[in-house]
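One structure below.
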Amino acid sequence: MFNNENSILNIGSVAFDSLEIRGKQYDKVVGGSATYFSLAASLYADVYLSAIVGDDFPKEMINTFKAKNINLDNFKIGKGNTFHWGGQYSDDLSSRETKFTNLGVFQNFDPKIINAKQFCGYLYLGNIQPELQLSLINQLTNAKKIISDTMNLWIDISNENVWKVIKKTDIFLLNDEEAIQLTKKDNLLDAAIQLLDHGPEFVIIKQGHLGSTIFSNEIQKHIPPNSAIVAQDPTGAGDSFAGALVGYIAKNGISNIVDAVIEATSLASFTVSDIGIDGLMNAKIDVINEIVNKIKMEVNS
């Protein structure tokens, strides 16, 4: 089933998002962390998607996944409703308020990966429950690299298991607020040092409109954002960032993590440039490369 050691297995949510942005309402936009990640990663490598949706999920989107050569052998359609999240963004898009969360069929999501022992590629664990992340790590024992993300909810209610996942992770992603919350440090450098002490080779802290910072035992490097993009919808920015990051590493190797994060920054800027997945779907490689070169000039200046 799995093609090669450069393929990616992504486990997470495929969902509907209902968004209120600057006074406009967008109902049941296709979203979810696994959607954004898979679409981004598929630009670089073979992607296998493990997720569950309800029988209300549009067939057109399933066909879109297939058209992007995203493997759906571990994609399930359950009887019931698709995970549906609703939120309202502040006018400057810097914060959001959750209006509702209807888990639907995702509530009982417990993936058992087909031919799990054969998988020897890159395993990406989106911000699903850390207990699920640990279950998948135990299934996929031959993964080449493990990349994981988390969120403030799991830090609050399942802190011990979040740390267990970190110990088994090669690249750990989280945002600046989560880094402070998880480590109880008062600055990102001290937070990153504590996280690195628990096992990851790299910790990448996402800082929203400020860009992101890469930490390892050898380097600390800040990557600026693409300042030319006017943000319309931040939903999925972190997930498409992760997708491009892992996709780039799967294609080119982990030796230059800086280039991978620059690529991820470029692609994430397409995501925020439109509502839902539209910006990501319209991303063109030549334009991505232009932005990559611009960011590289800033980094090297």
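Letter 248 of the sequence shown, counting from 1, is numbered 586 in the working numbering, and no numbers are missing.
Virtual Cβ for every residue (Gly too), placed ideally from N, Cα, C.
Please confirm whether residue i and residue j have their CB atoms less than 7 Å apart.
i           : j           : result
residue 461 : residue 478 : yes
residue 416 : residue 392 : yes
residue 434 : residue 425 : yes
residue 584 : residue 485 : yes
residue 540 : residue 509 : yes
residue 443 : residue 389 : no
residue 344 : residue 588 : yes
residue 364 : residue 613 : yes
residue 380 : residue 366 : no
residue 493 : residue 519 : yes
residue 419 : residue 394 : yes
residue 609 : residue 576 : no
residue 503 : residue 471 : yes
For residue i, which residues of its own chain have a beta-carbon under 6 Å away from its beta-carbon, when the five flanking residues on both sides are left out?
i           : result
residue 560 : 551
residue 532 : 521
residue 488 : 465, 500, 512
residue 507 : 484, 486, 538
residue 586 : 382, 598, 601
residue 582 : 378, 601, 602, 605
How is the beta strand (DSSP E) around residue i delimited, first residue to last?
i           : result
residue 413 : 408-416
residue 541 : 540-544
residue 456 : Note, residue 456: premise wrong, no beta strand (DSSP E); not H, not E.
residue 484 : 483-487
residue 347 : 346-349
residue 425 : 422-427
So which of the options has the shortest CA-CA distance to residue i?
i           : options            : result
residue 406 : 422, 587, 374, 429 : 374
residue 629 : 539, 496, 470, 567 : 567
residue 360 : 558, 565, 432      : 432
residue 548 : 376, 515, 492      : 515
residue 348 : 363, 387, 365, 383 : 387
residue 404 : 579, 493, 377      : 377
residue 350 : 469, 453, 494      : 469
residue 564 : 632, 440, 453, 518 : 632
residue 545 : 517, 616, 608      : 517
residue 427 : 437, 418, 421, 420 : 437
residue 534 : 440, 617, 409, 505 : 505
residue 592 : 429, 482, 448      : 482
residue 451 : 396, 414, 536      : 414
residue 572 : 429, 342, 523, 402 : 429
residue 411 : 536, 453, 354, 495 : 453
residue 455 : 557, 475, 555, 480 : 480
What is the residue span of the alpha helix (DSSP H) that residue i lies within?
i           : result
residue 608 : 595-610
residue 623 : 623-638
residue 442 : First-last for residue 442: undefined, no H or E at that position.
residue 468 : 468-477
residue 589 : 575-590
residue 491 : 490-495
residue 616 : 616-619
Can you find the residues in the same chain that come closer than 7 Å, C-beta to C-beta, to residue i, ignoring five residues on each side of it along the sequence?
i           : result
residue 626 : 604, 605
residue 526 : 514, 517, 543, 551
residue 634 : 600
For this session: Only counting runs of 4 or more residues, tell me where the alpha helix (DSSP H) segments fall wholly within the segment 355-398, in order along the chain.
Result: 371-379
Exercise. Considering only residues of the segment 503-561, which uninterrupted beta strand (DSSP E) runs meet the minimum length of 3 residues and lie entirely inside it, listed in chain order?
Worked result: 509-513, 540-544, 550-553, 558-561
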